[in-house]
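Student: Take this structure first; my questions come after.
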Amino acid sequence: MTYSDGTEDTLLEGIHKQKDWLVQVTKRRNGDLEPHIYLLHQDDTSNYILRTQVYILMINDKKELKDELNYLLAMPYFNPEAQFLVCLYEFSNLNKHVIANILKYIFQKLHKEYILKVLVLIPKNIFSIDLHYMYVQNTFNMPCFNKYEIMIQQCFNGSEGRQMNYLIQQTLWKHYNKCTIKVAALPYERFVNDGNSGFEIDILKEIGNTLNISFNINVRQNSSFNLGQKALNGTWTGLVRSLYNDAQLIIGNIAPDKIYLNEFIFSVGYFSEKIVWAVPIAAQIPRWRVLTMIFSMQIWMICVAVVFAFGLLFRISKEYIEYQKFSTFEKCLLAAFEVVIAIPLHPHPVGHITRIFFISLAVFAIIMNSVYTSSLVYYLQGPVREHQITTTSEIIKSGLIIGGSQKYQHMFNNGDTKNAFTQMILKNFEFVNNSIDSYTYWLEQVGKNRSLATITIKLCATYLLSTNNPIVTEANGQPKIFILPKQIISQNVGIMMKKGNLLQEDLNVMIQRIIIEAGIGNMFKRRYLGPGQFDENQSNKNPSQSNRIKHNSPSSKLTTHHVEGAFTILGLGYLTGVISFFF
1 MTYSDGTEDT LLEGIHKQKD WLVQVTKRRN GDLEPHIYLL HQDDTSNYIL RTQVYILMIN
61 DKKELKDELN YLLAMPYFNP EAQFLVCLYE FSNLNKHVIA NILKYIFQKL HKEYILKVLV
121 LIPKNIFSID LHYMYVQNTF NMPCFNKYEI MIQQCFNGSE GRQMNYLIQQ TLWKHYNKCT
181 IKVAALPYER FVNDGNSGFE IDILKEIGNT LNISFNINVR QNSSFNLGQK ALNGTWTGLV
241 RSLYNDAQLI IGNIAPDKIY LNEFIFSVGY FSEKIVWAVP IAAQIPRWRV LTMIFSMQIW
301 MICVAVVFAF GLLFRISKEY IEYQKFSTFE KCLLAAFEVV IAIPLHPHPV GHITRIFFIS
361 LAVFAIIMNS VYTSSLVYYL QGPVREHQIT TTSEIIKSGL IIGGSQKYQH MFNNGDTKNA
421 FTQMILKNFE FVNNSIDSYT YWLEQVGKNR SLATITIKLC ATYLLSTNNP IVTEANGQPK
481 IFILPKQIIS QNVGIMMKKG NLLQEDLNVM IQRIIIEAGI GNMFKRRYLG PGQFDENQSN
541 KNPSQSNRIK HNSPSSKLTT HHVEGAFTIL GLGYLTGVIS FFF
């Protein structure tokens with residue numbers, strides 16, 4: 001693109017020498033706007049998405065100005081963080097009042113879109129350019145980025161590149177002067193307890209102290225767990241609507257979601273949260289069945305097989321003197337059973353071979369009875385549960401209803417239609433009205449209905465369990481829910497804001513250098529999320545160990561309540577014996 005005076009070529013050449021920039025030039029050709037993209041020093045070995053870093057608008061007259069600005073702002077993949085160079089030609093001969101109105105229109109138009117990296121160039125000749133830029137004035141206790149002035153500087157003899165870089169990088173909004181940023185916050189315990197305490201509240205305070213910014217935090221107590229949806233008319237509902245109305249930032253355990261990425265951005269993540277399944281805790285086994293749960297089915301089958309095997313051996317190896325004791329196979333089975341359950345056998349076998357079998361069976365009985373009785377107190381004092389669901393395949397087989405926040409359903413909409421579990425979630429996933437949608441609502445439903453599985457945040461669920469919150473625990477401290485050990489996915493928690501937010505760059509720098517690299521974030525984690533507050537791993541006890549989170553000390557005394565199962569079985573045995581005697 002070459003014009004008669006060569007000004008554009010000189011301008012682009014100066015930009016190219018400064019940095020490897022991606023430059024997008026917009027100009028009119030035959031009445032149509034045509035964008036041209038130039039990539040300088042491309043590295044063929046790298047694979048990344050290109051982002052325009054500099055926009056240059058070539059304006060020849062006042063009629064083009066409005067159309068070109070509107071066109072540029074509506075372009076796909078528009079980057080509001082880029083630098084804007086607006087070149088006004090044939091404007092130098094206009095009077096100062098007209099030029100002032102034009103400049104005011106340009107800066108107001110871009111300021112509404114939170115675009116402040118703007119330089120307006122009015123060439124005088126090939127050697128001189130009037131350069132107009134926006135100077136933001138942040139004042140104490142006033143909204144940040146709300147007031148600005150249009151400044152002018154003249155550039156001579158090829159100094160444009162140095163001067164533009166200085167003006168854009170150094171003189172815009174680096175001095176906040178204790179201005180105010182409004183923040184909307186979701187009330188997540190430990191993350192946002194209230195407007196003054198919480199993991200994320202302390203992070204904002206630290207950033208505010210460093211940048212000299214005052215954050216005005218408004219905790220939205222009645223806000224939905226679902227941040228909001230885009231309506232058919234293009235407006236947003238829910239909490240994200242506040243980013244267009246009265247807030248500039250949103251916090252509250254918020255992770256990036258693809259449905260928001262077209263209009264909103266997220267800061268660098270300062271906490272990685274685990275997304276997991278929560279299912280009903282396995283039901284407790286009745287007391288009368290506890291005595292049968294000490295051994296697995298395999299061990300009980302071994303015991304039965306041993307009784308029959310040694311009963312047969314006693315019958316085969318018996319001698320004449322032992323005829324009365326082992327006269328029939330039934331008596332041999334009874335003798336083997338008496339030995340296994342540690343009842344004294346009288347008289348003892350006297351034959352050498354029979355005694356060998358008897359001693360072998362007695363050793364087996366001693367071992368099994370020792371193991372059984374040593375475990376008896378533990379099983380009688382603590383709750384014993386049915387088989388616990390621990391995998392996603394067991395969730396499918398159990399027939400549990402899948403429910404939760406609608407945003408979690410989007411995680412499975414990845415095109416994998418062959419996976420049975422993914423198909424079930426996409427077809428049968430249940431969600432509720434946004435007014436009652438929250439992580440506590442779904443966890444409460446899991447514990448209450450016992451027919452529901454939900455997707456939740458591990459940290460929040462384990463915190464509720466550790467504090468015996470009635471939402472997830474019984475009155476006696478036993479849990480209502482179980483957290484599956486395997487996580488679904490991990491997500492980075494950050495700060496949500498509208499695209500083009502002027503604070504994004506400084507927020508990311510502060511989070512990366514101070515919160516992450518300097519270890520300030522770890523200090524806040526220990527204060528609010530660390531093991532001193534709760535044990536994040538306690539909900540992942542081995543389900544085969546009764547899925548206990550709490551149980552009485554094994555040294556405490558047994559009561560009739562503990563042994564009621566044993567006495568029930570004893571009573572049933574007596575009743576059976578009496579009935580057999582009469583019939």
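Residue 358 in full-length UniProt numbering is what sits at position 358 of the sequence shown, and the numbering runs on without skipping anything.
C-beta atoms are modelled at their ideal positions from N, C-alpha and C, and glycine is treated no differently.
Values in this document were obtained by computation on a predicted structure and should not be read as measured data.
Report the residue from 334, 380, 303 and 230 whose alpha carbon sits nearest the alpha carbon of residue 287.
Tutor: Residue mapping note: residue 287 aligns to position 287 of the sequence shown, counting from 1. Measuring from the Cα of residue 287, the nearest candidate turns out to be 380.
Student: Is residue 188 helix, strand or coil when you go by DSSP?
Tutor: Translated into the one-based positions of the sequence shown, residue 188 becomes position 188. Coil, per DSSP.
Student: For the structure I just gave you, are there three or more beta carbon pairs, one from the stretch 93–111 and one from the stretch 486–506, closer than 8 Å?
Tutor: no
Student: Looking only at DSSP bridge pairs, what is residue 385 linked to?
Tutor: What you label residue 385 is simply residue 385 of the sequence shown in a count that begins at 1. The partner list for residue 385 (beta bridge, DSSP) reads 284.
Student: Would you kindly work out how many angstroms separate the C-alpha atoms of residue 311 and residue 275, rounded to a whole number?
Tutor: Start at 1 with the first residue of the sequence shown, and residue 311 comes out as number 311. Start at 1 with the first residue of the sequence shown, and residue 275 comes out as number 275. C-alpha separation (whole angstroms): 56 Å.
Student: On the three-pair Cβ rule with 8 Å, is the stretch 470–489 touching the stretch 287–304?
Tutor: no
Student: Beta carbon of residue 150, beta carbon of residue 273: below 8 Å?
Tutor: One-based indexing of the sequence shown puts residue 150 at position 150. One-based indexing of the sequence shown puts residue 273 at position 273. No.
Student: Go through its chain and collect everything with a Cβ distance to residue 254's Cβ below 6 Å, but skip five positions before and after it.
Tutor: Residue mapping note: residue 254 aligns to position 254 of the sequence shown, counting from 1. Cβ within range, chain order: 496.
Student: Would you check if the stretch 513–531 and the stretch 139–148 touch, i.e. whether three or more CB-CB distances between them fall below 8 Å?
Tutor: Taking 8 Å as the limit for Cβ pairs, the verdict is that the stretch 513–531 does not touch the stretch 139–148.
Student: With the cut-off set at 8 Å, would you say residue 326 and residue 315 are in Cβ contact?
Tutor: The residue labelled residue 326 in the question sits at position 326 within the sequence shown. The residue labelled residue 315 in the question sits at position 315 within the sequence shown. Result yes, Cβ atoms of residue 326 and residue 315 sit closer than 8 Å.
Student: Evaluate contact between the stretch 422–429 and the stretch 372–389, counting only Cβ atoms and requiring at least three cross-stretch pairs below 8 Å.
Tutor: No: the two stretches stay apart, fewer than three of their Cβ pairs being nearer than 8 Å.
Student: Helix, strand or coil: which one does DSSP assign to residue 58?
Tutor: Against the sequence shown, residue 58 aligns to sequence position 58. Note: residue 58 maps to strand in three-state DSSP.
Student: Is DSSP giving residue 454 helix, strand or coil here?
Tutor: One-based indexing of the sequence shown puts residue 454 at position 454. Look at residue 454 here: in three-state DSSP terms it is strand.
Student: Just to confirm the assignment, what range does the alpha helix (DSSP H) spanning residue 507 have?
Tutor: Taking the first residue of the sequence shown as position 1, residue 507 is located at position 507. Here the alpha helix (DSSP H) through residue 507 covers 504–510.
Student: Between 439, 459 and 99, which lies nearest to residue 271 when the distance is taken from Cα to Cα?
Tutor: Locating residue 271 in the sequence shown gives position 271, counting from the first residue. Among 439, 459 and 99, the Cα nearest to that of residue 271 is on 459.
Student: Ignoring anything shorter than 4 residues, give me the alpha helix (DSSP H) runs that lie fully in the stretch 392–426, in order along the chain.
Tutor: 392–398 and 406–409
Student: Going by alpha carbons, who is nearest to residue 87 out of 237, 133 and 74?
Tutor: In the sequence shown, residue 87 corresponds to position 87, counting from 1. Checking every option, the nearest Cα to that of residue 87 belongs to 133.
Student: Within its chain, find whatever has a CB closer than 7 Å to the CB of residue 73; leave out the 5 residues flanking it on each side and keep chain order.
Tutor: As a working note, residue 73 is residue 73 in the sequence shown. So the list reads 113, once near-sequence residues are dropped.
Student: If you run the structure through DSSP and keep just helix, strand and coil, what is residue 144?
Tutor: Taking the sequence shown and counting its residues from 1, one reaches residue 144 at position 144. The answer is coil: DSSP assigns residue 144 none of H, G, I, E or B.
Student: Return the bridge partner residues of residue 494 from the DSSP annotation.
Tutor: Position 494 of the sequence shown, counting from 1, holds the residue named residue 494. DSSP lists 254 as partners of residue 494.
Student: At the level of alpha carbons, what is the spacing between residue 67 and residue 82?
Tutor: Taking the sequence shown and counting its residues from 1, the one referred to as residue 67 is at position 67. Taking the sequence shown and counting its residues from 1, the one referred to as residue 82 is at position 82. Going from the Cα of residue 67 to the Cα of residue 82 covers about 20 Å.
Student: Measuring alpha carbon to alpha carbon, tell me which residue in 389, 342 and 357 is nearest residue 369.
Tutor: Here residue 369 refers to the residue found at position 369 of the sequence shown. That would be 342, whose Cα lies nearest to the Cα of residue 369.
Student: How many Å lie between residue 205 and residue 445 at the Cα?
Tutor: Taking the sequence shown and counting its residues from 1, one reaches residue 205 at position 205. Taking the sequence shown and counting its residues from 1, one reaches residue 445 at position 445. Cα to Cα, the separation comes out at about 36 Å.
Student: Which same chain residues end up closer than 7 Å to residue 507 when comparing Cβ atoms and leaving out the 5 residues on each side of it in sequence?
Tutor: The residue labelled residue 507 in the question sits at position 507 within the sequence shown. Closer than 7 Å at the Cβ level, and outside the excluded window around residue 507, lie 207, 267 and 495.
Student: Kindly give me the distance between the Cβ atoms of residue 390 and residue 485, rounded to whole angstroms, as I take these residues to be in contact under 8 Å.
Tutor: Here the question's residue 390 lines up with position 390 in the sequence shown. Here the question's residue 485 lines up with position 485 in the sequence shown. 7 Å between Cβ atoms; contact.
Student: How would you label residue 176, buried or exposed, when you count the other beta carbons within 10 angstroms and need 16 or more for buried?
Tutor: Numbered from its first residue, the sequence shown carries residue 176 at position 176. Flag for residue 176 reads buried.
Student: Which partner residues does residue 236 have in the DSSP bridge list?
Tutor: Locating residue 236 in the sequence shown gives position 236, counting from the first residue. 230.
Student: Comparing C-alpha positions only, which one of 60, 182, 510 and 364 sits nearest to residue 306?
Tutor: The residue you call residue 306 lines up with position 306 of the sequence shown. Relative to residue 306, the option among 60, 182, 510 and 364 whose CA is nearest is 364.
Student: So, helix, strand or coil for residue 248, using DSSP?
Tutor: Here residue 248 corresponds to residue number 248 of the sequence shown, with the count starting at 1. Residue 248 falls in the coil class under three-state DSSP.
Student: Are the Cβ atoms of residue 121 and residue 110 separated by less than 8 Å?
Tutor: Within the sequence shown, numbered from 1, the residue matching residue 121 stands at position 121. Within the sequence shown, numbered from 1, the residue matching residue 110 stands at position 110. At least 8 Å separates the beta-carbon of residue 121 from that of residue 110.
Student: Whole angstroms are fine: how far does the CA of residue 69 sit from the CA of residue 79?
Tutor: On the sequence shown, residue 79 is found 79 positions in, with the first residue counted as 1. On the sequence shown, residue 69 is found 69 positions in, with the first residue counted as 1. Whole-angstrom Cα-Cα distance: 14 Å.
Student: Take residue 587 as the anchor and find which of 469, 313 and 578 has the nearest alpha-carbon.
Tutor: Residue 587 cannot be examined here, being either before or after the span of the chain that is shown, 1 to 583.
Student: What is the DSSP secondary structure of residue 130, counted as helix, strand or coil?
Tutor: On the sequence shown, residue 130 is found 130 positions in, with the first residue counted as 1. Three-state DSSP puts residue 130 in a strand.
Student: Across which residues does DSSP place residue 151 in a beta bridge pair?
Tutor: Counting from 1 along the sequence shown, the entry for residue 151 is found at position 151. 133.
Student: Following a CB-centred definition, is residue 140 positioned closer than 7 Å to any heavy atom of the ligand MG?
Tutor: In terms of ligand content, the structure shown is empty, and the ligand MG therefore cannot be addressed.
Student: Compute the distance between the beta-carbons of residue 400 and residue 279, then report whether it is under 8 Å.
Tutor: Along the sequence shown, one-based indexing puts residue 400 at 400. Along the sequence shown, one-based indexing puts residue 279 at 279. Taking 8 Å as the Cβ cut-off, residue 400 and residue 279 qualify as a contacting pair.
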